[in-house]
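**Q**
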Amino acid sequence: MKNIEWVDFLNKNLKKTKINNLYRYRKIIQYSSGRFLIYKNKKYINFSSNDYLGLGKSNKIVKAWKYGLDKYGLSTCSSCNVIGYHKIHKKLEKKISKWMNYDNALLFISGYYANQNIITTLMNKNDNIFADRLSHASLIESSIFSFANLKRFKHNDIDMLEKLLTNYSSGKKLVITEGIFSMDGDSPELEKMIEIVKNNNSWLFVDDAHGIGVTGNEGRGTCFEQRVKPDLLMISFSKAFGLSGAALLCNNNVYKYFLQFSKNLMYSTFMMPAQAFAIYKAISFIRKLDSLREKLRSNIEFFKQLINKYNIPFLNSNSCIQILILGKNELALRASNFLRKRGVYVQPIRPPSVPNLTSRLRIILTSEHSFEDIEKLIIALNIFINKKN
Ligand SMILES: *Cc1c(COP(=O)(O)O)cnc(C)c1O
Numbered sequence: 009m010k011n012i013e014w015v016d017f018l019n020k021n022l023k024k025t026k027i028n029n030l031y032r033y034r035k036i037i038q039y040s041s042g043r044f045l046i047y048k049n050k051k052y053i054n055f056s057s058n059d060y061l062g063l064g065k066s067n068k069i070v071k072a073w074k075y076g077l078d079k080y081g082l083s084t085c086s087s088c089n090v091i092g093y094h095k096i097h098k099k100l101e102k103k104i105s106k107w108m109n110y111d112n113a114l115l116f117i118s119g120y121y122a123n124q125n126i127i128t129t130l131m132n133k134n135d136n137i138f139a140d141r142l143s144h145a146s147l148i149e150s151s152i153f154s155f156a157n158l159k160r161f162k163h164n165d166i167d168m169l170e171k172l173l174t175n176y177s178s179g180k181k182l183v184i185t186e187g188i189f190s191m192d193g194d195s196p197e198l199e200k201m202i203e204i205v206k207n208n209n210s211w212l213f214v215d216d217a218h219g220i221g222v223t224g225n226e227g228r229g230t231c232f233e234q235r236v237k238p239d240l241l242m243i244s245f246s247k248a249f250g251l252s253g254a255a256l257l258c259n260n261n262v263y264k265y266f267l268q269f270s271k272n273l274m275y276s277t278f279m280m281p282a283q284a285f286a287i288y289k290a291i292s293f294i295r296k297l298d299s300l301r302e303k304l305r306s307n308i309e310f311f312k313q314l315i316n317k318y319n320i321p322f323l324n325s326n327s328c329i330q331i332l333i334l335g336k337n338e339l340a341l342r343a344s345n346f347l348r349k350r351g352v353y354v355q356p357i358r359p360p361s362v363p364n365l366t367s368r369l370r371i372i373l374t375s376e377h378s379f380e381d382i383e384k385l386i387i388a389l390n391i392f393i394n395k396k397n
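Using the numbering used here, read the sequence shown as starting at 9 and increasing by one per residue.
(1) Hey, would you say the C-beta of asparagine 58 is under 8 Å away from at least one heavy atom of ligand 1?
(2) Whether or not the region 270 to 278 and the region 86 to 99 are in contact is what I'm after, with contact meaning three or more pairs of Cβ atoms, one per stretch, closer than 8 Å; do they touch?
(3) Counting only beta-carbon atoms, is arginine 228 nearer than 9 Å to chain D?
(4) How should lysine 35 be labelled, buried or exposed, when 16 other C-beta atoms within 10 angstroms of its C-beta is the threshold for buried?
(5) Rounded to whole angstroms, what is the Cα-Cα separation between leucine 115 and asparagine 319?
(6) Cβ of leucine 114 within 8 Å of any heavy atom in ligand 1?
(7) Are leucine 7 and leucine 240 closer than 9 Å when you measure CB to CB?
(8) Helix or strand or just coil, what does DSSP make of isoleucine 204?
(9) In whole angstroms, what is the alpha-carbon distance linking phenylalanine 249 and glycine 221?
(10) Could you tell me the distance, in whole angstroms, from the CA atom of glycine 351 to the CA atom of isoleucine 53?
(11) At 4 residues or longer, what runs of the alpha helix (DSSP H) sit wholly inside the region 298 to 384?
(12) When you measure from the CB of glycine 119 to every non-hydrogen atom of ligand 1, does any distance come out below 8 Å?
(13) Apart from the five residues just before and just after threonine 174, which ones in its own chain have a Cβ nearer than 8 Å to its Cβ?
(14) How would you write the range of the alpha helix (DSSP H) that glutamine 124 sits in, first residue to last?
(15) Please return the same chain residues whose Cβ sits closer than 6 Å to the Cβ of methionine 201, not counting the five positions on each side in sequence.
(16) Considering Cα atoms alone, identify which of Ile126, Phe155 and Trp107 is closest to leucine 267.
(17) What do you reckon, is the C-beta of leucine 147 under 8 Å from a heavy atom of ligand 3?
(18) Using CA atoms only, rank isn't needed, just tell me which of Asn345, Gly119 and Leu61 is closest to alanine 290.
(19) Using a Cβ-Cβ cut-off of 8 Å (strictly less than) and excluding sequence neighbours within five positions of glycine 335, which residues of its own chain qualify?
(20) Name the residue from Met279, Lys349, Phe293 and Asn29 whose alpha carbon lies nearest to the alpha carbon of leucine 77.
(21) Can we count asparagine 209 as close to ligand 1, meaning its CB is less than 8 Å from some heavy atom?
(22) Can you check which of these residues, Gln330, Leu323 and Lys317, is closest to arginine 305 by C-alpha distance?
(23) Once you ignore the five residues that flank glutamate 380 on each side, which residues in its own chain have a CB closer than 8 Å to its CB?
(24) Quick check for students: name the residue ranges of the alpha helix (DSSP H) that lie wholly in the region 208 to 241, counting only runs of 4 or more.
(25) Taking 9 Å as the cut-off, decide whether the C-beta atoms of isoleucine 137 and isoleucine 184 are in contact.
(26) So the beta strand (DSSP E) alanine 113 belongs to, where does it begin and stop?
(27) In this structure, does DSSP put phenylalanine 44 in helix, strand or coil?
(28) For tyrosine 263 and asparagine 324, I'd like the C-alpha separation in whole angstroms.
(29) Taking all protein chains shown into account, do 16 or more other C-beta atoms lie within 10 angstroms of the C-beta of threonine 84, making it buried, or fewer, making it exposed?
(30) Exposed or buried, asparagine 28, counting other C-beta atoms within 10 Å across all chains shown (16 or more means buried)?
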């Protein structure tokens with residue numbers, strides 16, 4: 009009897025996603041870089057990779073990881089509170105905090121994992137979380153898991169945030185936002201936000217997974233660019249760095265608190281030392297890449313010129329994430345297939361990654377793309393839009 013219920017549960021939900029055009033087919037990619045990918049033996053211009061500076065295939069970083077493997081071996085086979093914390097981790101923490109001008113940095117094996125840990129370690133039942141309603145799933149989900157009182161404010165709406173903040177006086181208050189929103193490409197006005205946060209005796213937590221390495225002097229990211237220093241700043245090494253792993257930038261008190269109270273740091277095997285070494289080398293490298301960041305900027309400007317010329321209604325974004333909202337799931341799938349037939353790979357984004365009826369194309373520009381690549385994309389997209397009407 010019980011078995012049948014399980015089968016019903018699985019089949020019912022799988023069928024529902026298929027009927028609603030929400031079924032996700034995982035593709036086997038043979039090769040991908042910032043510019044190209046190969047899928048089913050066909051080469052596409054890749055507009056779906058977060059490898060913003062093309063470092064995912066960087067010889068220097070690959071070499072660093074290999075060197076690290078030879079020097080340190082594979083896993084630490086231990087949590088950082090037992091024997092998993094090595095000299096290279098300490099050196100990496102120092103390097104990150106110096107680069108970003110914070111007291112300290114805590115390492116995590118991924119950004120998703122870092123967000124979960126940061127929020128659930130710091131926030132408890134009687135606390136209040138105020139999160140932008142378009143925040144990444146890892147932020148919203150962990151806010152719910154923390155048992156704190158969760159209030160979501162309208163996307164980038166600082167007035168609404170202020171009203172909410174003034175209404176809650178008991179418990180700790182944490183405001184959560186992103187440097188560059190992953191599914192919209194825009195940024196909050198952080199300077200205005202941090203002032204309101206401070207005035208209300210609250211802390212600001214910024215997830216800058218998409219800004220780090222890409223914007224700001226020496227790639228320090230969105231907060232540095234906007235001249236704010238949030239109390240908590242999460243950076244991921246899985247995007248512009250072309251690697252994997254994450255860090256929380258914080259003051260010494262927070263750092264100490266995590267070493268006592270973070271369950272993830274206590275009970276999960278710590279970052280591979282070779283990976284820490286690769287990140288260590290990648291930081292020196294990425295700081296010097298202002299010319300690639302400039303190339304990326306000119307690609308974004310060229311893209312924006314073209315969408316204006318063809319009058320394609322993209323969301324207003326100055327980042328490498330450019331969004332065309334199409335609405336229905338089926339339409340986003342059709343657009344993506346249409347582009348693929350013309351040699352251009354753009355991932356359609358559907359709920360639950362975005363709100364219902366806002367399915368979209370998410371185009372990611374990198375410094376690797378040429379103007380011709382971008383032109384090819386926009387011309388194909390323009391044909392699709394005119395056909396649709
Ligand atoms: C990608 C992403 C993460 C997760 O980072 P990983 O290192 O890939 O786990 C967290 N937050 C945002 C906003 C992201 O886009």
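No residue lacks a Cβ here, since even glycine has one placed at the ideal position from N, Cα and C.
**A** On the basis of the supplied data:
(1) yes
(2) yes
(3) Of the chains in the structure shown, none is chain D; there is only one protein chain.
(4) exposed
(5) 44 Å
(6) no
(7) Nothing about residue 7 can be read from this structure; the chain reaches only from 9 to 397.
(8) helix
(9) 7 Å
(10) 6 Å
(11) 298 to 317 and 337 to 349
(12) yes
(13) Asn208
(14) 119 to 130
(15) Ile166
(16) Ile126
(17) This structure simply doesn't include ligand 3; it includes ligand 1 instead.
(18) Leu61
(19) Leu365, Thr366 and Ser367
(20) Met279
(21) no
(22) Gln330
(23) none
(24) 230 to 233
(25) yes
(26) 112 to 116
(27) strand
(28) 37 Å
(29) buried
(30) exposed
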